[in-house]
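Colleague: I am attaching a structure below and will ask some questions about it afterwards.
Chains as they are written, first to last, in the numbering used here: chain V, 1 to 113; chain C, 114 to 226.
Below, the structure written as structure tokens:
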């Protein structure tokens with residue numbers, strides 16, 4: 001089973017460029033999340049989607065947009081990249097009820113010059 | 114949600130048992146304790162979850178005293194491949210509450226030959 005798949009794994013952007021990080025899960029999970037991880041800081045939630053058709057802001061949503069395309073896919077878009085958005089981005093999913101354990105993707109390392 | 118406190122780093126040797134303790138003084142009645150493991154360049158991975166007393170799976174054991182204000186993750190006979198960062202998180206299992214989880218810096222475990 002693939003679990004949570006993120007693309008691309010690496011990306012270099014120039015300031016002001018836009019890009020979309022893609023995430024797909026094959027576990028029939030209801031909830032999906034986007035986190036960023038920076039040195040010296042814990043994982044911080046950018047956006048989440050409790051269920052298909054809904055999205056909500058997390059702790060650090062500024063500069064990002066998301067789309068819950070269907071139950072499987074949850075994309076993160078940077079409209080105008082800034083150096084402060086250089087980070088490792090993780091997509092995660094959870095069943096949404098019960099044990100509610102998070103399953104993470106392998107991460108996408110983004111560098112904004 | 115309850116904030117957790119755990120050591121920043123620990124050192125061990127192959128074959129030893131490692132115990133990582135996490136403090137969560139403000140744990141609420143409905144909160145569960147969940148531990149994740151993260152290897153470099155990978156997303157966090159679920160290890161174990163518990164509510165009270167002792168939980169054991171094929172990877173680790175989780176000890177939770179009666180007052181639930183702390184918990185201890187026990188890794189039996191560690192190997193070099195257990196070198197990773199370990200995160201302790203506290204929260205209830207209701208749908209949507211993953212978005213409130215506070216991810217600290219975790220405990221960086223180094224296993225030496």
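We put the beta carbon where it would ideally sit given N, CA and C, even for glycine.
Under the assumption that residue 186(C) contacts residue 199(C) (Cβ atoms under 8 Å), give the Cβ distance between them as a whole number of angstroms.
Modeller: With 8 Å as the limit, residue 186(C) and residue 199(C) qualify as a contact, their Cβ atoms being about 6 Å apart.
Colleague: Expressed to the nearest angstrom, what Euclidean distance is found between the alpha-carbon atoms of residue 249(C) and residue 189(C)?
Modeller: In the structure as shown, chain C starts at 114 and stops at 226, and residue 249(C) therefore has no counterpart that could be examined.
Colleague: Kindly list the residues whose CB is nearer than 6 Å to the CB of residue 201(C), restricted to its own chain and excluding five residues on each side of it in sequence; keep chain order.
Modeller: If we look at residue 201(C) and ignore the five residues flanking it on each side, its Cβ neighbours are 117, 119, 135, 148.
Colleague: Tell me, please, whether the CB atom of residue 64(V) is closer than 8 Å to any CB atom in chain C?
Modeller: False, the Cβ-Cβ gap to chain C never drops below 8 Å.
Colleague: In this structure, how does DSSP classify residue 14(V) when only helix, strand and coil are distinguished?
Modeller: Coil.
Colleague: Can you pull the chain C residues whose beta carbon is under 9 Å from the beta carbon of residue 53(V), in chain order?
Modeller: What residue 53(V) touches in chain C: nothing, since even the nearest Cβ is about 14 Å away.
Colleague: For residue 75(V) versus residue 31(V), is the C-beta distance shorter than 8 Å?
Modeller: It is not a contact, given that the beta carbons lie outside the stated cut-off.
Colleague: In or out: residue 92(V) buried (at least 16 other Cβ within 10 Å) or exposed?
Modeller: Classification of residue 92(V): buried, given that the 10 Å Cβ count is 16 or more.
Colleague: Helix, strand or coil for residue 195(C)? Go by DSSP, reduced to three states.
Modeller: Note: residue 195(C) maps to helix in three-state DSSP.
Colleague: Mind reading off the beta-carbon distance from residue 4(V) to residue 25(V)? Whole number of angstroms is fine, and I expect it under 8 Å.
Modeller: At roughly 5 Å, the Cβ-Cβ gap stays under 8 Å, so residue 4(V) and residue 25(V) are in contact.
Colleague: By the criterion of Cβ-Cβ separation under 9 Å, what are the contact partners of residue 154(C) in chain V?
Modeller: Those within 9 Å of residue 154(C) in chain V are 88, 106, 107, 109.
Colleague: Is any heavy atom in the ligand FMN found nearer than 7 Å to the beta carbon of residue 113(V)?
Modeller: Ligands are entirely absent from the displayed structure, and the ligand FMN is therefore not among its contents.
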